[in-house]
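Novice: Line by line, the protein sequences are chains A and B.
Residue 1008 in my numbering sits at position 96 of the first sequence, and the numbers go up by one each step.
Residue 203 in my numbering sits at position 195 of the second sequence, and the numbers go up by one each step.
Just so you know, even glycine gets a beta-carbon here, dropped at the ideal spot from N, CA and C.
Structure in structure tokens, see below.
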Amino acid sequence: MNQSDQNEFVNSIQSKFQNSSVEFDTLKIEVDSHSWIDTHKTLKAEFNLKFFNWLSAVDWDNDVKIGDAPKEPVTPSFEIISCLSKTNSDDLVISSTKISKEDPQIDSLVEVFGGANWHEREAYEMFGINFLNHPNLKKLYLPDAYEGNPLLKSFELISREVKPWPGDVDVEGMPEDNIVVSEEGS
Amino acid sequence: MAQTMDPNNMPILSEASVSVEIETEDMTLNIGPQHPSTHGVLRLVAKINGEKISSVEPVLGYMHRGYEKLAEVRTYPQVTTLVNRIDWVSGFANEIPFIAGAEKLMEIEVPERAQYIRLILTEMARISSHFVFNGAFPLEIGALTPIFLAMEDRERVLDLLESVTGGRFHPNFNRIGGVKPAAGAGPTTKKDIQDLPAGFYHDTKVAMQKVLEAVDRFEDLIGGNEVFQIRTKNVGVLPKEVAEEYGVSGPILRASGVEFDLRKQSNYLPYDKFDFEIPIGENGDCFDRWSVRTSEMRESAKIILQAIDDMPSGPIQAKVPKVIKVPKGQTYVRAENPKGEMGYYIISEGGLGPYRLKIRTASFSNISILPIMLEGALLPDLIAIMGSLDFVLGDVDR
């Protein structure tokens, strides 16, 4: 894959989609949630991106129960991310759209890419996002009676509540964090 | 009645047919979660009509460990221990895209020697994974011998992996910016780091010759077996358009005639320096999937032999800060793993661990095709089709 081919592809995507960026060799386009299906139809038909790679979601929230919160405050929302690629070159496109957390719903991609089926079921159980017109929207991994959506930032890890992670010791206590280790009493 | 049967005049049983059609209700057959041919704990709810499968619904989640959530509460170096356990048959290969993604976000240039060591060990993981396939797949459709040969041959490769990394299945050998000093290399000082154990080049050359011999033997023993051919040829044909739509990747996609291999198309490791071919199938049936993987082992052995001869000298670790903090950014890095495309979408918010880590595994997409492939297939073919997909449940459920 030579550089000029890659740039040509990036340029053609960027001229079609205004809200696009290349960050760390990853081409990402941001679209409105209403044009989610149309975007994928265009990418499939006009740009030959026929390989449905994956689909997932991100929970953007400042109130993080476990793990690191974002450094700068974010607007709470769900970001749906999908990845389409080609089977004759390294070109790929990450599409993303943001939906509100109050009423998380978006059109299902199954009619465009059959492969979206399981990915959307996973996003449904992990984030509670409702995919409209999905043929079989039920839990994929978790038991039917399971309550809660584990990948939400508000979801706590019970095992960590019971016993804090011993690995924390390695991370704290480094000189950079200005923690003075007391040597008294030795 | 005591007639001797003339062997030239025996009735051919397979040509006998029953012309009466009896309509029966579909029967539900529950296969798994604990069934030897499911490589773990996959459950299939099959509706069958006689010997014919009318529909299949895979039920996942028996191996779900929630790695995407666990990664959010770990630091970047700690995540590598998790990703080792996704596809445990080729643990080393799982580390590569994650580490490469973190390095890309930190803008670290990895020394060439470290890249070569990564490449050699990745190809060893591929050979060991395909050995397991060459043992398990014939076993599932009734050939008992190959598994014993494959396990013995695989052991030589695992010994090499162990001599370098210290682990047979979960090496946890990559560091952000390079690789560890080898486990079997003896005491090291800061000035003189021994990165590979003594005799590694020689042992590798010997082992790769054995691998090449083993591939020849398997092609004869398995591929030349008439029963194996009847069970796999024209069984479970997967058209490439369907494979692409469902994100089916790796040897399965190549068996359907698509020449796509990230080792050639992408640049996550210096594969462009070596001369190797991408085996392609014609029909996309179970036999092609077996044959593509088996030919791949030969190519992997060729790559390793070239890399050994071409090994650059130099450091194995780039300069990295003592506390790994990945700057804010998002990237998707993918690699050609033995099972197919594996990638990590890393969203970093500048913390010690990822804000969100999406793990794209090959087996998940590869078995999402099962309901389509099995519809209308015969029940005995179910085992052949499932075996030919070569999935690992840890790679499906994550």
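Contact check, VAL328(B) vs ILE125(B) under 8 Å by CB: the rounded distance?
Specialist: On the second sequence, position 320 is the one that residue 328(B) refers to. On the second sequence, position 117 is the one that residue 125(B) refers to. Not a contact, Cβ separation roughly 17 Å.
Novice: Decide if the stretch 340 to 348 of chain B is in contact with the stretch 250 to 263 of chain B; the criterion is three or more beta carbon pairs, one per stretch, under 8 Å apart.
Specialist: yes
Novice: Would you call THR987(A) buried or exposed, if buried means 16 or more other Cβ atoms sit within 10 Å of its Cβ?
Specialist: Position 75 of the first sequence, counted from the first residue, corresponds to residue 987(A). With fewer than 16 other Cβ atoms within 10 Å, it is exposed.
Novice: Which class does MET132(B) belong to by DSSP, given the choice of helix, strand or coil?
Specialist: If you number the second sequence from 1, residue 132(B) lands on position 124. It is helical.
Novice: Take SER1008(A) as the anchor and find which of SER927(A), ASN919(A), ASN1061(A) and SER933(A) has the nearest alpha-carbon.
Specialist: Here residue 1008(A) refers to the residue found at position 96 of the first sequence. Comparing Cα-Cα distances from SER1008(A) to each of SER927(A), ASN919(A), ASN1061(A) and SER933(A), the minimum goes to SER933(A).
Novice: Counting contacts by CB-CB distance shorter than 8 Å, is GLU80(B) in contact with chain A?
Specialist: For this step, residue 80(B) is matched to residue 72 along the second sequence. Closer than 8 Å: yes.
Novice: ASN142(B) and THR302(B) - do their beta-carbons sit closer together than 8 Å?
Specialist: Taking the second sequence and counting its residues from 1, one reaches residue 302(B) at position 294. Taking the second sequence and counting its residues from 1, one reaches residue 142(B) at position 134. Result yes, Cβ atoms of THR302(B) and ASN142(B) sit closer than 8 Å.
Novice: Give me the Cα-Cα distance between ALA101(B) and ALA133(B), rounded to the nearest whole angstrom.
Specialist: Taking the second sequence and counting its residues from 1, the one referred to as residue 101(B) is at position 93. Taking the second sequence and counting its residues from 1, the one referred to as residue 133(B) is at position 125. Answer to the nearest angstrom: the Cα atoms are 6 Å apart.
Novice: With 16 other CB atoms within 10 Å as the buried threshold, where does SER396(B) fall?
Specialist: Within the second sequence, numbered from 1, the residue matching residue 396(B) stands at position 388. So SER396(B) counts as buried.
Novice: If you measure from the beta carbon of VAL1083(A) to each beta carbon in chain B, is any gap under 8 Å?
Specialist: Locating residue 1083(A) in the first sequence gives position 171, counting from the first residue. A caution first: VAL1083(A) carries a pLDDT of 49, below 50, which makes its placement in the model too unreliable to give a value.
Novice: Within the stretch 946 to 981 of chain A, note down every full alpha helix (DSSP H) run reaching 4 residues or more, in order along the chain.
Specialist: 948 to 958
Novice: Applying the criterion that 16 or more other CB atoms from any shown protein chain within 10 Å of the CB defines a buried residue, is MET35(B) buried or exposed?
Specialist: Position 27 of the second sequence, counted from the first residue, corresponds to residue 35(B). With fewer than 16 Cβ atoms within 10 Å of its Cβ, MET35(B) is classed as exposed.
Novice: At a CB-CB cut-off below 7 Å, which residues of chain C make contact with GLY292(B)?
Specialist: Of the chains in the structure shown, none is chain C; the protein chains are A and B.
Novice: Please identify the residue among VAL140(B), SER274(B), VAL97(B) and GLY69(B) whose C-alpha is closest to the C-alpha of ALA222(B).
Specialist: Translated into the one-based positions of the second sequence, residue 222(B) becomes position 214. When only C-alpha atoms are compared, the closest one is VAL140(B).
Novice: Starting from the Cα of TYR352(B), find the closest Cα among VAL67(B), ARG51(B), TYR75(B) and LYS55(B) and give me that residue.
Specialist: For the purposes of this step, residue 352(B) is identified with residue 344 of the second sequence, where counting begins at 1. Considering only alpha carbons, the answer is TYR75(B).
Novice: If you measure between the beta carbons of ASP971(A) and LYS1051(A), is that distance less than 8 Å?
Specialist: The residue given as residue 971(A) occupies position 59 in the first sequence. The residue given as residue 1051(A) occupies position 139 in the first sequence. At least 8 Å separates the beta-carbon of ASP971(A) from that of LYS1051(A).
Novice: Quick one: what does DSSP say VAL400(B) is sitting in, helix, strand or coil?
Specialist: Mapped onto the second sequence, residue 400(B) falls at position 392. Looking at VAL400(B) - three-state DSSP - the assignment turns out to be coil, as it is neither helix nor strand.
Novice: Are the beta-carbon atoms of ILE949(A) and LEU1021(A) separated by less than 8 Å?
Specialist: In the first sequence, residue 949(A) corresponds to position 37, counting from 1. In the first sequence, residue 1021(A) corresponds to position 109, counting from 1. At a Cβ-Cβ threshold of 8 Å, ILE949(A) and LEU1021(A) count as neighbours.
Novice: Return the residue from the list ILE367(B), LEU401(B), VAL400(B) and ALA315(B) that minimises the CA-CA distance to LEU127(B).
Specialist: The residue given as residue 127(B) occupies position 119 in the second sequence. It is ALA315(B) whose Cα lies nearest to the Cα of LEU127(B).
Novice: Just to make sure I have the definition right: I need the residues of chain A whose C-beta is within less than 7 Å of the C-beta of TYR254(B). Which are they?
Specialist: As a first step, residue 254(B) must be located in the second sequence, where it is residue number 246. Here the neighbours are PHE964, GLY1026 and GLY1027.
Novice: At least one CB of chain A closer than 8 Å to the CB of GLU285(B): is that the case?
Specialist: Along the second sequence, one-based indexing puts residue 285(B) at 277. Chain A, which has no Cβ nearer than 8 Å to the Cβ of GLU285(B), makes this no.
Novice: Is GLU991(A) near the ligand COA, with its Cβ less than 7 Å from a heavy atom?
Specialist: Among the components modelled here there is no ligand, and therefore nothing to report on the ligand COA.
Novice: Within the stretch 332 to 401 of chain B, note down every full beta strand (DSSP E) run reaching 3 residues or more, in order along the chain.
Specialist: 337 to 345, 348 to 356 and 364 to 368
Novice: Does the beta-carbon distance from PHE964(A) to GLY1027(A) come in below 8 Å?
Specialist: The count along the first sequence starts at 1 and reaches residue 964(A) at position 52. The count along the first sequence starts at 1 and reaches residue 1027(A) at position 115. The answer is yes: Cβ separation under 8 Å.
Novice: Name the chain A residues that come within less than 8 Å of THR339(B), Cβ to Cβ?
Specialist: As a first step, residue 339(B) must be located in the second sequence, where it is residue number 331. Those are GLU935, PHE936, ASP937 and THR938, listed as they occur along chain A.
Novice: So, for GLU267(B): in the same chain, excluding its five sequence neighbours on each side, which residues have a beta-carbon less than 7 Å away from its beta-carbon?
Specialist: Translated into positions along the second sequence, residue 267(B) becomes position 259. The answer, listed in chain order, is ILE286 and ILE288.
Novice: Which residues in chain B have a C-beta closer than 7 Å to the C-beta of TYR1053(A)? List them in chain order.
Specialist: Start at 1 with the first residue of the first sequence, and residue 1053(A) comes out as number 141. Result: LEU68, GLY69, HIS72 and ASP405.
Novice: Who are the near neighbours of GLY1060(A) in its chain, counting only those whose CB is closer than 7 Å to its CB and skipping five residues on each side?
Specialist: Counted from its first residue, the first sequence places residue 1060(A) at position 148. Correct list, in chain order: PHE1067.
Novice: Measure the beta-carbon distance from PRO172(B) to ALA122(B) and round it to whole angstroms, keeping in mind my assumption that it falls under 8 Å.
Specialist: Here residue 172(B) refers to the residue found at position 164 of the second sequence. Here residue 122(B) refers to the residue found at position 114 of the second sequence. Per the sequence shown, residue 172(B) should be read as Val rather than Pro. Actually they are not in contact, since the Cβ atoms of VAL172(B) and ALA122(B) sit about 12 Å apart, beyond 8 Å.
Novice: Comparing the C-beta of ALA1035(A) with each C-beta of chain B, is any distance below 8 Å?
Specialist: Position 123 of the first sequence, counted from the first residue, corresponds to residue 1035(A). For ALA1035(A), not one C-beta of chain B is nearer than 8 Å to its own C-beta.
Novice: Report all residues from its chain with a CB closer than 8 Å to the CB of VAL400(B); omit the five preceding and five following residues, and keep chain order.
Specialist: Along the second sequence, one-based indexing puts residue 400(B) at 392. Excluding positions up to five away in sequence, the list reads HIS47, GLY48, ASP95, TRP96, VAL97, LYS347 and SER371.
Novice: Measure the C-alpha to C-alpha separation of TYR209(B) and VAL91(B) and round it to an integer number of angstroms.
Specialist: One-based indexing of the second sequence puts residue 209(B) at position 201. One-based indexing of the second sequence puts residue 91(B) at position 83. So the alpha carbons of these two residues sit roughly 28 Å apart.
Novice: Is GLU163(B) near ILE312(B), with beta carbons less than 8 Å apart?
Specialist: Position 155 of the second sequence, counting from 1, holds the residue named residue 163(B). Position 304 of the second sequence, counting from 1, holds the residue named residue 312(B). Cβ distance not < 8 Å, so GLU163(B) and ILE312(B) don't count as in contact.
Novice: Please list, in chain order, the chain B residues whose beta carbon lies closer than 9 Å to that of ASN1000(A).
Specialist: For the purposes of this step, residue 1000(A) is taken as residue 88 along the first sequence, with counting starting at 1. Within 9 Å Cβ-Cβ: VAL266, GLU267, PHE268 and GLN273.
Novice: According to DSSP, simplified to helix, strand and coil, what is MET305(B)?
Specialist: Numbered from 1 along the second sequence, position 297 holds the residue referred to as residue 305(B). Helix at MET305(B).
Novice: Just verifying my parser: in three-state terms, what is the DSSP assignment at MET71(B)?
Specialist: On the second sequence, position 63 is the one that residue 71(B) refers to. Coil at MET71(B), not helix or strand.
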